[in-house]
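Notes to accompany the following structure.
Residue numbers (the numbering used here): 19 to 125.
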């Protein structure tokens, strides 16, 4: 399983996923068509956004990989235009990173 992780990971979701054997590819800086393409969006299983400023990349990811699962892990709300495009939105205050990682791997 490969997960692209965009945005800061202050809650440790990337480490929790890695601990479960997931190949985590971190996208540094702003998520754009080029940065997610370089990270391997076309073959990734899941795209995780932790910064809702990166939400505009969701349709780009879906265009490159229609089967990609899109998850947000942030205290901030997903912008209205992107709400119908995410598969799961989780607030770190409600679910710890290790719980979310287990759900993503088991799903």
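Just so it is clear, CB atoms sit at the ideal spot from N, CA and C, and this is done for glycine as well.
(request) Check whether the Cβ atoms of residue 103 and residue 87 sit closer than 8 Å, and answer yes or no. (result) Contact: no.
(request) Determine the direct distance from the alpha carbon of residue 77 to that of residue 106, and round the result to whole angstroms. (result) Cα to Cα, residue 106 sits roughly 15 Å from residue 77.
(message) What does the Cβ neighbour count give for residue 91, buried or exposed, with the cut at 16 atoms within 10 Å?
(response) The residue is buried, with at least 16 neighbouring Cβ atoms inside 10 Å.
(message) Assuming contact is defined by CB atoms lying nearer than 8 Å, are residue 35 and residue 45 in contact in what I supplied?
(response) For residue 35 and residue 45, no; Cβs fall outside 8 Å.
(request) Would you tell me roughly how many angstroms separate the C-alpha atoms of residue 55 and residue 97, rounded to the nearest one? (result) Cα-Cα distance, rounded: 23 Å.
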